[in-house]
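Under my numbering, the sequence shown has 234 at position 234, and the numbering climbs by one with no breaks.
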Amino acid sequence: MEYGDKIDWREKVMRRVVFNQKGGVGKSTITCNLAAIGAQKGKRTLVVDLDPQGNSTQYLLGGNATPPEATLADFFEQSLTFRFDPRKTIDFAVASPFERLSVMPSHPNLEELQGKLESRYKIYKLREALDEIADNFDHVFIDTPPALNFFTRSALIAADACLIPFDCDEFSRNALYSLLANAEEIRADHNHGLKVEGIVVNQYQSRANLPQKVVQELIDEGLLVLQPYLSSSVKIKESHERAVPMIHLDPRHKLTQEFVALYESLEPKKKKKAA
1 MEYGDKIDWR
11 EKVMRRVVFN
21 QKGGVGKSTI
31 TCNLAAIGAQ
41 KGKRTLVVDL
51 DPQGNSTQYL
61 LGGNATPPEA
71 TLADFFEQSL
81 TFRFDPRKTI
91 DFAVASPFER
101 LSVMPSHPNL
111 EELQGKLESR
121 YKIYKLREAL
131 DEIADNFDHV
141 FIDTPPALNF
151 FTRSALIAAD
161 ACLIPFDCDE
171 FSRNALYSLL
181 ANAEEIRADH
191 NHGLKVEGIV
201 VNQYQSRANL
211 PQKVVQELID
221 EGLLVLQPYL
231 SSSVKIKESH
241 ERAVPMIHLD
251 PRHKLTQEFV
261 ALYESLEPKK
271 KKKAA
């Protein structure tokens, strides 16, 4: 798998997919917090929640919010039937309580739609939809299910770049190599522009020996491990419970600053003007 050039290709990155076939590694947390920081910095940002569990949807819209009129289940179901007056793609983007941050919300019905979507080969529908609304957003972050299924493949086909959350244990490490191979297969067969942007180390405990050892071994193997590492913190549980991303809940918190630094590391560096 190719890793992106830090100057040239990143200037073009608009869509990032956060992908890992292992559950509990922080996909939704990373997706939502990076997206919230982008929006707070003035970028028109969209989160696409392809996980039927809907963690990103709940995180950004709140568990007690009025259910959206249109979800991604409606979007994909619409693609299966001919309609004289289909909803426009932009209608599936719901404004969150946070300025400049919108969500294409998940729905449990996504699970039961998979078989129909696969049999009708709707694998490019998400990419087409995001192409259609490209002028409405500066950045798109795509959250995925913990499996390499129709929705994850759709996301990898639609994305410019892939971020891989890693939670510093041997199970995650063992899954990492097959994950990279799957992303490479998608790149080769469907999306030549896809780059693995790097591995995001999550729930890192700097004083524990095992996380340090495992992360260093990844670096020694030549894998692109992004800085900074995201610390383990109980504050993130409060963030989830209150449905408020860290940048709005506690901007000065150590974990918030790590998210900000990670976001800034992914942004293209401004070129200095010639004297």
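The beta-carbon is built from N, C-alpha and C at its ideal position, and this holds for glycine as well. Just so you know, these numbers come straight off a predicted model, no measurement behind them.
Please go through the same chain and pick out, in chain order, the residues whose beta-carbon is closer than 6 Å to the beta-carbon of residue i, but skip the five residues on each side of it.
i, result
"leucine 249", "Ser239"
"aspartate 5", "Low per-residue confidence applies at aspartate 5: pLDDT is 43, beneath 50, and the placement is therefore not dependable, though the value from the model is reported in the following sentence. Within the same chain, aspartate 5 has no close Cβ partners at all."
"leucine 126", "Ser154 and Ala158"
"alanine 95", "Ser102"
"asparagine 182", "Leu148"
"isoleucine 133", "Thr89 and Ile90"
"phenylalanine 92", "Ala70, Phe75 and Met104"
By the three-class DSSP mapping on this structure, what secondary structure does residue i have?
i, result
"cysteine 162", "strand"
"glycine 198", "strand"
"leucine 60", "helix"
"valine 260", "helix"
"glutamine 53", "coil"
"leucine 176", "helix"
"arginine 187", "helix"
"arginine 207", "coil"
"arginine 242", "helix"
"leucine 46", "strand"
"serine 232", "coil"
"valine 18", "strand"
"serine 265", "helix"
"valine 214", "helix"
For residue i, does the count of other Cβ atoms within 10 angstroms reach 16, so buried, or fall short, so exposed?
i, result
"glycine 38", "buried"
"leucine 230", "buried"
"asparagine 64", "exposed"
"histidine 107", "buried"
"isoleucine 236", "buried"
"glutamate 258", "buried"
"aspartate 189", "exposed"
"lysine 272", "Confidence at lysine 272 is low in this model, with a pLDDT of 49, below 50, so the placement of that residue should be treated as unreliable; the coordinate-derived value is given next. Counting Cβ neighbours within 10 Å, lysine 272 comes out exposed, since fewer than 16 surround it."
"glutamine 40", "buried"
"proline 165", "buried"
"asparagine 209", "exposed"
"aspartate 49", "buried"
"tyrosine 121", "exposed"
"serine 56", "buried"
"isoleucine 30", "buried"
"isoleucine 199", "buried"
"glycine 42", "exposed"
"alanine 35", "buried"
"threonine 66", "exposed"
"glycine 26", "buried"
"glutamate 197", "buried"
"aspartate 18", "Before going further, note that residue 18 is valine rather than aspartate in the sequence given. The residue is buried, with at least 16 neighbouring Cβ atoms inside 10 Å."
"glycine 24", "exposed"
"glycine 54", "buried"
Looking only at its chain, what residues have a beta carbon closer than 7 Å to the beta carbon of residue i, apart from the 5 residues adjacent to it on each side?
i, result
"threonine 256", "Met246, Ile247 and Asp250"
"arginine 15", "Leu130, Val140, Ile142, Ala158, Ala159 and Asp160"
"glutamate 59", "Sequence inspection shows tyrosine at residue 59; the glutamate mentioned does not correspond to that position. If we look at tyrosine 59 and ignore the five residues flanking it on each side, its Cβ neighbours are Ser28, Cys32, His240 and Ala243."
"arginine 173", "Val214"
"arginine 153", "Ile123 and Ile186"
"lysine 22", "Pro146, Phe171, Ser172 and Ala175"
"lysine 349", "In the structure as shown, the chain begins at 1 and stops at 275. Residue 349 is therefore absent and cannot be evaluated."
"leucine 113", "Ala73, Phe76 and Glu77"
"threonine 144", "Val17, Val18, Phe19, Lys27, Leu50, Asp51, Phe151, Thr152 and Ala155"
"leucine 223", "Ile199"
"glutamate 118", "Phe150"
"valine 201", "Phe166, Cys168, Val215, Val225, Tyr229 and Leu230"
Tell me which residues share the same chain as residue i and place their Cβ nearer than 8 Å to its Cβ, disregarding the 5 neighbours each side in the sequence.
i, result
"tyrosine 204", "Cys168, Pro211, Val215, Tyr229, Leu230, Ser231 and Ser232"
"arginine 87", "Ala70, Asp74, Phe75 and Gln78"
"valine 260", "Ile37 and Ile247"
"glutamate 111", "Pro52"
"glycine 62", "Pro97 and Ala243"
Does the contact criterion of 3 or more C-beta pairs under 8 Å hold for the region 79–89 versus the region 176–194?
no
Counting beta carbon pairs with one atom in the region 105–120 and one in the region 69–77, are three or more of them shorter than 8 Å?
yes
Taking only runs that begin and end inside the region 85–170, name each unbroken alpha helix (DSSP H) of 4 or more residues, in chain order.
110–119, 125–132 and 150–158
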